[in-house]
Each structure stands twice: as structure tokens, then as C-alpha cells.
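A.B. asks: Numbering (my numbering), first residue to last: 13 to 227.
1) Going by the CB atoms, is the gap between residue 44 and residue 75 shorter than 8 Å?
2) Leaving out five residues on either side along the sequence, give the residues of the same chain with a beta carbon under 7 Å from the beta carbon of residue 207.
3) Just to check, is the beta-carbon of residue 201 closer than 7 Å to a non-hydrogen atom of the ligand GDP?
4) Please state whether DSSP places residue 43 in a helix, a strand or coil.
5) For residue 218, report the span of its alpha helix (DSSP H) as first-last.
6) Can you find the residues in the same chain that come closer than 8 Å, C-beta to C-beta, to residue 80, ignoring five residues on each side of it along the sequence?
7) With DSSP as the reference, label residue 199 as helix, strand or coil.
8) Can you give me the start and stop residues for the alpha helix (DSSP H) that residue 59 sits inside?
9) Between which two residues does the alpha helix (DSSP H) holding residue 161 run?
10) Expressed to the nearest angstrom, what Euclidean distance is found between the alpha-carbon atoms of residue 168 and residue 139?
11) Mark residue 179 as exposed unless 16 or more other C-beta atoms lie within 10 angstroms of its C-beta, in which case mark it buried.
12) Is residue 26 closer than 8 Å to residue 2 when the C-beta atoms are compared?
13) Within a Cβ cutoff of 7 Å, which residues of the same chain sit near residue 176, ignoring the five residues on either side of it in sequence?
14) In three-state terms, what does DSSP make of residue 17?
15) Can you say whether residue 108 is buried or exposed, counting buried as having 16 or more other CB atoms within 10 angstroms of its CB?
16) Work out the CA separation of residue 72 and residue 41 for me, nearest whole Å.
17) Is it the case that the Cβ atoms of residue 153 and residue 124 are separated by a distance below 8 Å?
18) Between the C-alpha atoms of residue 57 and residue 181, what's the straight-line distance to the nearest angstrom?
19) Between which two residues does the beta strand (DSSP E) containing residue 102 stretch?
20) What residues match up with residue 74 in a beta bridge as DSSP calls it?
21) Ends of the beta strand (DSSP E) at residue 121?
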């Protein structure tokens, strides 16, 4: 099992050094690969085993990039042929909560790269949409019962892994917990979700935190 130091320090090997805001999908897109190919590569096993989620990497992690394999196709000469590149969209998943309770069936507008997507959250307060893998930021506009709107701005690819302290803090902060004292924030989260109130991060807390935050 990886150590706490490994979770909170750069891992992996290879020529590409992960920058802030990058994930396996965006890196694969840049080099012309499918993200599954990079993620499942034997040389990237350490990265995969420790990070677990291809969408949450730490800056300075390293990833091996293989050479592009040329695929040849036989087609008739002196004729036009159309080739389509397989789509590689990313997926955005957000959960809206109000005092710990899901904001069910709430109307929203999601703006990503000038594209506007309208919809309603599901019965658990989630919304999910495919977005361009190279999208960098977006805005979520949520309708309130009083006729007003809540606006949320976010940058894609910047959430650290759940096993890192910075990733745990960001998720707690996104859920509205005060981080002035990390252990108190954990204890408050444990209280709200009927977990033994130790004030310490453990696998049970991380699992529930990931479930509640949706990522």
C-alpha cells in the first residue's frame, strides 16, 4: 500500500511532467493518444496505482508517452474517402448541495467554451455532461427559489487526488466546511455523516468524502 508521503509527492516516470490543470485525458489529447492507452500503459503503473483516478493528478507527476503507431488503410485510388477520428470528450460531474442535502431537480445553465447547456439536476443533486477534453474553465448558473441565481466559476483539471491532503481540503471546502482547522473540518464532516468523530482522515472518511462530493 502506498505511503502518505507517496500520496502527497510527485509519482510516476516518463518524459511528460504534469502541469497544474492537466489530467490524463488532456495530456493524451495533446499527444494524439486515447487516454485509456496512456493510463493502462505498463510504464505508467505506479502513477495508476497511486493516483487511481486519471482526472486527478498532482503537478510534477510524470507520465510515459509512447510513440504514435501509424495505422494503414487500404482504399481504392483516385477516389475520395472520409476518415473520422473517434471522439474523446471528457465528462464533467458536479453535485449541488444545500446544508448537506441534495438540490434536487434544480434548473441550471452550464457555460463551457461559449457553449450553453441547460438542464436540471437529478434526484441526488448531480449533473453530468460531456465536455471538450481541452476545455479549461466554465461557469454554472443555478436558479434559486427566490427567482435569483447562484453563479459558480471553476477551472477544469485542478482538483488534486482524494488521497492527498490538498485534495481532501479542496473537497471539504467545496462542501462548505471551514478549513481554519483541518481536524475540526474533518470532525464536522464525520458528525454530519454519522462517522466516528476522531478528527482524523481515514479510508472511511475519504470514501464518504468522495461519494458526497461526487469526485
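Each residue gets a CB set at the ideal place from its N, CA and C atoms; glycine is no exception. Quick caveat, the model's predicted, so the values are computed rather than measured.
C.D. replies: In terms of the structure at hand:
1) Not in contact: residue 75 and residue 44 (Cβ atoms no closer than 8 Å).
2) Correct list, in chain order: 216, 217, 220.
3) Of ligands this structure carries none, so the ligand GDP is not represented either.
4) The answer is helix: DSSP assigns residue 43 an H, G or I state.
5) For residue 218, the enclosing alpha helix (DSSP H) begins and ends at 215–225.
6) Only 43, 44, 45 meet the Cβ criterion.
7) Helix, per DSSP.
8) Run containing residue 59: 57–63, per the alpha helix (DSSP H) assignment.
9) Bounds of any alpha helix (DSSP H) do not take in residue 161; it lies within the beta strand (DSSP E) bounded by 161–167.
10) Computed Cα separation, rounded: 15 Å.
11) Flag for residue 179 reads buried.
12) Only positions 13 to 227 of the chain appear in the structure, and residue 2 is not among them; the question remains open.
13) Taken in chain order, the residues that qualify are 19, 20, 70.
14) If DSSP states are grouped into helix, strand and coil, residue 17 belongs with the helices.
15) Counting every other CB atom within 10 Å of its CB across the protein chains shown gives residue 108 a total of 16 or more, marking it as buried.
16) If you take the alpha carbons of residue 41 and residue 72, they lie about 19 Å apart.
17) Cβ distance not < 8 Å, so residue 153 and residue 124 don't count as in contact.
18) One C-alpha to the other measures close to 26 Å.
19) Segment 102–107, the beta strand (DSSP E) holding residue 102.
20) Answer is 29, bridged to residue 74.
21) It spans 119–124 - the beta strand (DSSP E) in which residue 121 sits, taken as one unbroken run.
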